[in-house]
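The structure appears below as C-alpha cells.
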Amino acid sequence: MSNNFLGEASRMSDTMPNPAAGPVSIQVQSILYQMDFDSIRRALESLIRASDLAIASGQVSRVTLAYGDTSPQRCLLEKELAALREEFSWVINLTYMFFDKNLGSARFHNQLSQKADTDYLLILNPDVVVSPRLFENLLRPFHRPETGMAEAKQLPIEHPKAYDPMTGETGWATTACALTPTLLFRKVEEFDANSFFLYCDDVDYSWRVREAGYKVIFAANAVVFHDKRVARDGAWQPSSAERRYSAEAALMMAHKWSRPDLDASIAKIYGRAGPDELAALENYEQKKRAGTLAAPRDADHKIAEFDGIFYTKHRYRL
Amino acid sequence: MLNPDELYDNAFQPDNVYGHCLALLERYRDHTAATEGIHLDLGCGFGRVAEPIRDRLGLTYVGVDGSSAGPTSLRERGFEAHSLVFTGFEQTLSALNAIIAGRKVVSLSMLDTLEHLNNGAEVLTAIRTVIGPNNAPAVISVPNFSHRDVGFKLAFGRWDYTREGLLDNTHVRVFTPEGLRTTFEASGLQLVDSNDVRIVKSDQHFPDTHPALASGSLLAEFLAGLRDQVNTSAAVNQLVCLVLAGPKSQRGHYLLDCERKTKRPFLSVVMRTQGRRSHTMIEALTALAGQKDRDFELLVIGHKLTLDQHLGVERHIEDSPDWLRRQTRLVLVDDGNRTRPLNRGFEEARGDYIVILDDDDVPMAHWVQTFRKLAEEKPGRVLRTIAAKQDVDIVEVLGQKAVRATGGLEPYPAQFDLLQHMITNETPPIAIAFPRGVFHDLNIRFDETLTTTEDWDYFLRCALIVGVHAAEEITAIYHWWVSTVESSRTAHAQAEWDANYLAIHRRIDSMPLLLPAGSSRQLRTLRTLHAARAVGDNGIGIDPSNLLRQVLEILSSRSWRWSWINRLPRLLRGRKDPKIVDCLDMSDHQLAALLIRLRKSSSWRRTAIFRPRERA
Numbered sequence: 001m002s003n004n005f006l007g008e009a010s011r012m013s014d015t016m017p018n019p020a021a022g023p024v025s026i027q028v029q030s031i032l033y034q035m036d037f038d039s040i041r042r043a044l045e046s047l048i049r050a051s052d053l054a055i056a057s058g059q060v061s062r063v064t065l066a067y068g069d070t071s072p073q074r075c076l077l078e079k080e081l082a083a084l085r086e087e088f089s090w091v092i093n094l095t096y097m098f099f100d101k102n103l104g105s106a107r108f109h110n111q112l113s114q115k116a117d118t119d120y121l122l123i124l125n126p127d128v129v130v131s132p133r134l135f136e137n138l139l140r141p142f143h144r145p146e147t148g149m150a151e152a153k154q155l156p157i158e159h160p161k162a163y164d165p166m167t168g169e170t171g172w173a174t175t176a177c178a179l180t181p182t183l184l185f186r187k188v189e190e191f192d193a194n195s196f197f198l199y200c201d202d203v204d205y206s207w208r209v210r211e212a213g214y215k216v217i218f219a220a221n222a223v224v225f226h227d228k229r230v231a232r233d234g235a236w237q238p239s240s241a242e243r244r245y246s247a248e249a250a251l252m253m254a255h256k257w258s259r260p261d262l263d264a265s266i267a268k269i270y271g272r273a274g275p276d277e278l279a280a281l282e283n284y285e286q287k288k289r290a291g292t293l294a295a296p297r298d299a300d301h302k303i304a305e306f307d308g309i310f311y312t313k314h315r316y317r318l
Numbered sequence: 319m320l321n322p323d324e325l326y327d328n329a330f331q332p333d334n335v336y337g338h339c340l341a342l343l344e345r346y347r348d349h350t351a352a353t354e355g356i357h358l359d360l361g362c363g364f365g366r367v368a369e370p371i372r373d374r375l376g377l378t379y380v381g382v383d384g385s386s387a388g389p390t391s392l393r394e395r396g397f398e399a400h401s402l403v404f405t406g407f408e409q410t411l412s413a414l415n416a417i418i419a420g421r422k423v424v425s426l427s428m429l430d431t432l433e434h435l436n437n438g439a440e441v442l443t444a445i446r447t448v449i450g451p452n453n454a455p456a457v458i459s460v461p462n463f464s465h466r467d468v469g470f471k472l473a474f475g476r477w478d479y480t481r482e483g484l485l486d487n488t489h490v491r492v493f494t495p496e497g498l499r500t501t502f503e504a505s506g507l508q509l510v511d512s513n514d515v516r517i518v519k520s521d522q523h524f525p526d527t528h529p530a531l532a533s534g535s536l537l538a539e540f541l542a543g544l545r546d547q548v549n550t551s552a553a554v555n556q557l558v559c560l561v562l563a564g565p566k567s568q569r570g571h572y573l574l575d576c577e578r579k580t581k582r583p584f585l586s587v588v589m590r591t592q593g594r595r596s597h598t599m600i601e602a603l604t605a606l607a608g609q610k611d612r613d614f615e616l617l618v619i620g621h622k623l624t625l626d627q628h629l630g631v632e633r634h635i636e637d638s639p640d641w642l643r644r645q646t647r648l649v650l651v652d653d654g655n656r657t658r659p660l661n662r663g664f665e666e667a668r669g670d671y672i673v674i675l676d677d678d679d680v681p682m683a684h685w686v687q688t689f690r691k692l693a694e695e696k697p698g699r700v701l702r703t704i705a706a707k708q709d710v711d712i713v714e715v716l717g718q719k720a721v722r723a724t725g726g727l728e729p730y731p732a733q734f735d736l737l738q739h740m741i742t743n744e745t746p747p748i749a750i751a752f753p754r755g756v757f758h759d760l761n762i763r764f765d766e767t768l769t770t771t772e773d774w775d776y777f778l779r780c781a782l783i784v785g786v787h788a789a790e791e792i793t794a795i796y797h798w799w800v801s802t803v804e805s806s807r808t809a810h811a812q813a814e815w816d817a818n819y820l821a822i823h824r825r826i827d828s829m830p831l832l833l834p835a836g837s838s839r840q841l842r843t844l845r846t847l848h849a850a851r852a853v854g855d856n857g858i859g860i861d862p863s864n865l866l867r868q869v870l871e872i873l874s875s876r877s878w879r880w881s882w883i884n885r886l887p888r889l890l891r892g893r894k895d896p897k898i899v900d901c902l903d904m905s906d907h908q909l910a911a912l913l914i915r916l917r918k919s920s921s922w923r924r925t926a927i928f929r930p931r932e933r934a
C-alpha cells in the first residue's frame, strides 16, 4: 500500500471525502494501449465538457487527467500532448507517463494513483465517452458515507449484472468508468496487480471495498459510451485475448476468494477447452507451483458471490 | 416572337393564357385608381386580349410586338400598337418610355414571349423599371418545360420540336416553375400570384402509345404517380405569373459552378423529443458524442414542448461537447401528431442522408460509419442496418431516473426482405437512412394521417422506388418499454394500430411497384407455398407453418450428412452446402426456397429409403 501521498481532503483527516460538504478534486486515470489519436481525442473532448460543467456547478474543484501509456510505442507524441495541454489546460491538468512495457492495467493504475493528490480517483477506459453530467451523477452516491465505489452505466451495451433499482447497490463495479475515494483505494491496497493482468481486477477491488464495510453503487443515471459491438445474433464475440485473460482471472478469483471447489471445476473445464483457456490454466498452475498466488480470503463467503461463470447474479443473458 | 412559320394568332378564351392573364389582372385590379392609364402588352402578337382589357378593366390597351402583322391588326381594330424588337436594356427601356410618353402604366403583360428572347433578363429588368413607379402588376407567361409529356419523353431520349407549342422550334430558353421564379428574382421581380393553364394532354402528348405517356400504360402510371407527388406543375402547360417590382436577388438566373454541389454533412440525424424523458435523451446524445464518424448534423425536433421541457431540452443540447453542440439545431413544432416533427425535421435536414433517432434509442459507435460505407457502395438507396431490440424500464436509483435494461438483445432479421416488409415492419427507424433526394427531390413525405407506424409506411414507399442496400451488422439498440413508460406502443389503442396498418396495406395495394432483382424468385416460392397450402399436399412435403424447423431437420439429419458424397461434384465446383447458422437469419421466403431445394435434391430423395416414417 502506498501512503506517501494523500489527497487534499484525506490529508486533513482520515475520513472519506463527502461531496455534499463542498467541492472535491478528482484524478481521472486511463491506461493507453495502442490507441489512435482520434479515439483519444474523441473521448477527451467529452471528458473536458463534463469537467467544465462539474467545476462550473461548484461540485468539483479541479480535475487531473493522468494517462499511462503501456504501448510498445507512444500513443501520444510530444507535440500532440503539447497541443492537447494547450487546448484543454483551462479545464484539466493533463499528465502522461510512458511506461514502455505492458504489465497489465491494474499495475499501472496503481502507479498512477500514487501520484494522485485528489479526493477521488476515476478509473476510466481511455476510449470511453462520458456524458456531460457524469461527475455530478457519480458523486451523488458519495453523499452517503457508506459508499465506497460508484460505477457508471455503459452504453450501448448495458452490463446485465444485478443491482438494487432503488439504492443502486450491486455486487461489484466495472472500472470502465468507476469512482472511488483515493483514501479508500489506498486503504484497501489498490488493485491486485499480481493476480490480475487485464480482467477481474475491478471485481476483486469491489469485493475488497465491500469487505472493508463500504457499498458499491451502480449509478444508473451516470452514463458513458463504450464502443462495444455484438455479433449478428446479439451475442458477445470475445477476442482471443479476452478469452485468455478472463479465463485466467476466473481461476484467480476462485482461488483468492476461497472457492477451491469452483477453482477445480473451472480448471477441469479449461483443461478440455481451447488454446486460450489452456494457456490461462497453465499460467495459473505455474503460479500455484511457485507459491505466488494471493492468500485466500473471505473464508466464510460473506462477500464473494459466484453465480456460475458470473461474479454476481445477472438480470438477463447477453 | 419572330417565327416565320407561325403568326401566333390565337383567340381569347377564358381557359387559355389570355383568359388566365385577364383573371389575374382583375384579381389585383386597383378599384380605387382612375382608369386613365395604359395597359402595356409586350410581345402582343395579334393582341386578342386587347378587347377584354379595354372592356372589362377599362384600360387603354397599347400593344408592342416585333412583327408588323400583329400591330397592324390591332391598329385596324382601333388600338394603339407599335412595332419594336427588344434588344438591350437601355434601348428597350428608351423605346418603351417613348411609347408610354408620360402616361401612367397601370398594368403590363408579356405572354409567351420571354422564352423567345436571347436577352430576357434585360427585358425583365426594363419591365421592372416601367412598372416600378406605380407599383403596377405585370403578368408574364411562359410554356412549362417541366410538363410531364416533355419530361417523360426526354427521359427515354425523345425530343420533338414543333412549329409552336411547348417545344416551339424558335424557343431559346426553357422554364420550370422554380427556374422562372429565380429568373424573376434575378431581375428584381417578385412573384405574387399565379394562374397557370393546365392541360393534361399537351401538344407534346404523342405518340399515343409511348409507354411513358399512354394513360393505360403501367410505366406511365408509375411515372405519373411519382411526378405528381413532386409538385402540381406536371400538367401545367403555361406558367402564368403576376409579378411586382421588388428587390433583386443576389442569385443569378442560373446556378454558378459552386452552387451545383452544395456542401452537406453526410448524415442528418432527426431526433424527435417531447422533452419528457431527460434521462433517455442524455443517453442518445452521449451515444452520438461517441460516433466514430462525426460527419453528421443533429436536428432536435421538440414537439409540443412546455416551457420547462423546452428549457430542459436546450439544457441537454447546451451540455453537449462543443463539437456536437455546433452541429446541433433545435426546431420547435407546436402542432400535428407524432408524424409532423418528422416532416419538419426532414425539411430542415441538410445532410445527404437522413435518419430518425428517437430520444430513447441508442446508436452504436459505428452507426454513422456503417451508413457511410453503405452509401459509398450503393449511392442513393435507402440504407439499412440491423437494430437489436432490448426491453427496458425506468428505475429511480437514489431518486434519479434512469433507464434499466430488462432483457438481452434481440436483433431484427439480419437479411432485408422487402416482401416481408410489405406484410409487417422488421426495421425500426434507427436502422434506416434515407437519401435526401426522396424527400427533397421527389417530395415523398411522411403521411401525417398516420398516428402510428408512420416510419414503416415511409420506409416502404421509399424502398419501392430507390431500393434498399443493407448491412448485416447490428449498429443500434432499439429500446422497447416494457411497462412503466408511455411510448407509441402504449399511447395508441390497438384499433388505431390496426387502422394504420390497413391504411398502409391499402396504399401499397393501390400503387404499381418497382421490385428489386430476385423478387420474382421469391414470388414463385410464395406461390408454390400458397398452392401447397391450398391443396394440403405439395408433393414435396412442405408445411408452411414452421419452415426453419423443417430446414434444420434436414440439415442436421443423418441422411443429409451421410449423403455428402452425392454432392461432392458440386462441392468441388465451389458450391457450398447451406449452413445452419445462416438459416437462422433467413426470412420465411428464403427458408421456403431453401426447403424446396433441399427436398428436391437428389441427396434427399436418394436417401428416402433410410427414412421409413417419411415413406409411410
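These protein sequences, in sequence, are chains A and B. Numbering of the first sequence is given in the working numbering, commencing with residue 1 and proceeding in unit increments. Numbering of the second sequence is given in the working numbering, commencing with residue 319 and proceeding in unit increments. Every residue, glycine too, gets a C-beta built ideally from N, C-alpha and C. None of these values were measured; they are calculated from a predicted model.
Practice problem: Residues of the region 221-245 of chain A with a CB closer than 9 Å to any CB of chain B: list them in chain order, please. | Solution: Within the region 221-245 of chain A, the residues whose Cβ lies closer than 9 Å to some Cβ of chain B are Asn221, Ala222, Val223, Val224, Phe225, His226, Asp227, Lys228, Arg229, Val230, Ala231, Arg232, Asp233, Gly234, Ala235, listed in chain order.
Practice problem: Tell me, please, whether the CB atom of Ser265 of chain A is closer than 8 Å to any CB atom in chain B? | Solution: Ser265 of chain A is outside the set of residues whose beta carbon lies under 8 Å from a beta carbon in chain B.
Quiz item: Is the shortest distance between the beta-carbon of Thr15 of chain A and the beta-carbons of chain B less than 8 Å?
Solution: Closer than 8 Å: no.
Quiz item: Which chain A residues sit within Cβ distance under 7 Å of Leu716 of chain B?
Solution: Within 7 Å Cβ-Cβ: Arg140, Pro141, Thr167, Gly168.
Practice problem: Report whether the distance from the Cβ of Gln568 of chain B to the nearest heavy atom of the ligand ATP is below 7 Å. | Solution: The ligand ATP is absent from the structure shown, which contains no ligands of any kind.
Self-check item: Residues of its chain near Leu426 of chain B, where Cβ-Cβ distance is below 8 Å and the 5 sequence neighbours each way are ignored
Solution: Counting only Cβ-Cβ distances below 8 Å, and skipping sequence neighbours, we find His357, Leu358, Asp359, Leu360, Ile445, Val448, Ile449, Ala454, Pro455, Ala456, Val457.
Quiz item: So, helix, strand or coil for Ser427 of chain B, using DSSP?
Solution: DSSP places Ser427 of chain B within a strand segment (E or B) once states are collapsed to three.
Quiz item: Between B:Leu411, B:Thr703, B:Ile748, B:Gly355, which lies nearest to Phe734 of chain B when the distance is taken from Cα to Cα?
Solution: Nearest Cα to Phe734 of chain B within the set B:Leu411, B:Thr703, B:Ile748, B:Gly355: B:Thr703.
Quiz item: Would the region 217-228 of chain A and the region 186-201 of chain A be scored as touching if the rule is three or more Cβ pairs under 8 Å?
Solution: When C-beta atoms of the region 217-228 of chain A are compared with those of the region 186-201 of chain A, fewer than three pairs fall below 8 Å, so the two segments do not count as touching.
Exercise. Show which residues of chain B have a CB atom less than 8 Å away from the CB atom of Tyr316 of chain A.
Key: Chain B residues near Tyr316 of chain A: Ala723, Thr724, Gly725, Gly726.
Quiz item: Which residues in chain A sit within 7 Å of Glu601 of chain B, going by Cβ to Cβ distance?
Solution: Here the neighbours are Leu155, Val223.
Exercise. Name, please, each residue of chain B whose Cβ falls closer than 7 Å to the Cβ of Glu378 of chain A.
Key: Nothing about residue 378 of chain A can be read from this structure; chain A reaches only from 1 to 318.
Exercise. Keeping to the same chain, check which residues put their C-beta closer than 6 Å to that of Gly854 of chain B; ignore five residues upstream and five downstream.
Key: Annotation note: pLDDT 48 at Gly854 of chain B (below 50); position unreliable, coordinate value reported separately. Spatial neighbours of Gly854 of chain B in its own chain (CB-CB distance under 6 Å, excluding positions within 5 residues in sequence) are not present.
Exercise. Starting from Phe936 of chain B, follow its DSSP beta bridges and name the residues at the other end.
Key: An answer regarding residue 936 of chain B cannot be provided, because it is not within the stretch 319 to 934 covered by chain B.
Practice problem: Kindly confirm or deny that the region 158-176 of chain A and the region 240-249 of chain A touch, where touching means at least three C-beta pairs closer than 8 Å. | Solution: Result no; under three Cβ-Cβ pairs closer than 8 Å.
Quiz item: Could one say the Cβ of Ile672 of chain B lies closer than 8 Å to chain A's Cβ atoms, at least one of them?
Solution: It does not; no Cβ of chain A falls within 8 Å.
Quiz item: Going by alpha carbons, who is nearest to Arg839 of chain B out of B:Leu642, B:Pro896, B:His907, B:Cys339?
Solution: For Arg839 of chain B, the nearest C-alpha among the options comes from B:His907.
Practice problem: Excluding the 5 residues preceding and the 5 following Asn334 of chain B in the sequence, name in chain order all residues of the same chain whose CB lies nearer than 7 Å to its CB. | Solution: The residues are Asn328, Val515.
Quiz item: Does any C-beta atom of chain A lie closer than 8 Å to the C-beta of Ala706 of chain B?
Solution: Yes, Ala706 of chain B lies at the interface with chain A (some Cβ there is under 8 Å from its Cβ).
Quiz item: Who are the neighbours of Asn137 of chain A on chain B, taking C-beta pairs under 8 Å?
Solution: What Asn137 of chain A touches in chain B: Gln718.
Practice problem: Please name the residue in A:Lys287, A:Lys115, A:Ala231, A:Ser246 whose C-alpha comes closest to that of Asp903 of chain B. | Solution: Across the set A:Lys287, A:Lys115, A:Ala231, A:Ser246, the C-alpha of A:Ala231 shows the shortest separation from the C-alpha of Asp903 of chain B.
Exercise. Can you pull the chain B residues whose beta carbon is under 7 Å from the beta carbon of Ala54 of chain A, in chain order?
Key: Neighbours of Ala54 of chain A on chain B: none; closest Cβ ~11 Å, over 7 Å.
Exercise. Would you mind stating whether Gly68 of chain A and Leu727 of chain B have Cβ atoms separated by less than 8 Å?
Key: Against a cut-off of 8 Å, the Cβ pair of Leu727 of chain B and Gly68 of chain A comes out as no contact.
Quiz item: Quick one, which of B:Phe470, B:Trp685, B:Gly388, B:Ile674 has its alpha-carbon nearest Pro746 of chain B's?
Solution: With distances taken between CA atoms, Pro746 of chain B lies nearest to B:Ile674 out of B:Phe470, B:Trp685, B:Gly388, B:Ile674.
Quiz item: Any idea which residues DSSP pairs Gln718 of chain B with across the strands?
Solution: In the DSSP assignment, Gln718 of chain B is bridged to B:Val715.
Quiz item: Taking just the CA atoms, how far does Thr182 of chain A sit from Gly7 of chain A?
Solution: Low local confidence applies: a pLDDT of 36 at Gly7 of chain A is under 50, so the model's placement there is unreliable, with the coordinate-based value given in what follows. Going from the Cα of Gly7 of chain A to the Cα of Thr182 of chain A covers about 7 Å.
Self-check item: Under 7 Å by beta carbon: chain B residues contacting Ser46 of chain A
Solution: Going along chain B in sequence order, the residues near Ser46 of chain A (Cβ under 7 Å) are Ala607, Pro639.
Quiz item: Can the beta-carbon of Phe470 of chain B be found less than 8 Å from the beta-carbon of Thr494 of chain B?
Solution: No, they are not a contact pair.
Quiz item: Considering only residues of the region 209-294 of chain A, which uninterrupted beta strand (DSSP E) runs meet the minimum length of 3 residues and lie entirely inside it, listed in chain order?
Solution: Counting only runs of 3 or more, we get 215-225.
Quiz item: Which residue or residues does DSSP assign as beta-bridge partners of Arg62 of chain A?
Solution: DSSP, once it has assigned bridges, lists A:Ser25 as partnering Arg62 of chain A.
Quiz prompt | Same chain, Cβ closer than 6 Å to Glu305 of chain A, five either side skipped, listed in chain order | solution = So the qualifying residues of the chain are Gly171, Thr312.
Quiz prompt | Range of the contiguous beta strand (DSSP E) that encloses Ala751 of chain B | solution = Bounds of the beta strand (DSSP E) holding Ala751 of chain B are 750-753.
Quiz item: So which of A:Leu139, A:Leu155, A:Gln154, A:Phe225 has the shortest CA-CA distance to Gly148 of chain A?
Solution: Comparing Cα-Cα distances from Gly148 of chain A to each of A:Leu139, A:Leu155, A:Gln154, A:Phe225, the minimum goes to A:Leu139.
Quiz prompt | Proximal residues, the region 723-752 of chain B versus chain A, C-beta separation under 7 Å | solution = Along the region 723-752 of chain B, going in chain order, the ones with a CB nearer than 7 Å to a CB of chain A are Ala723, Thr724, Gly725, Gly726, Leu727, Glu728, Pro729, Ala732.
Self-check item: is_contact[Ser61 of chain A, chain B] using C-beta, thresh 8 Å
Solution: With 8 Å as the cut-off, Ser61 of chain A does not count as an interface residue toward chain B.
Quiz item: Does any residue of chain A bring its CB to less than 8 Å from the CB of Ile635 of chain B?
Solution: Closer than 8 Å: no.
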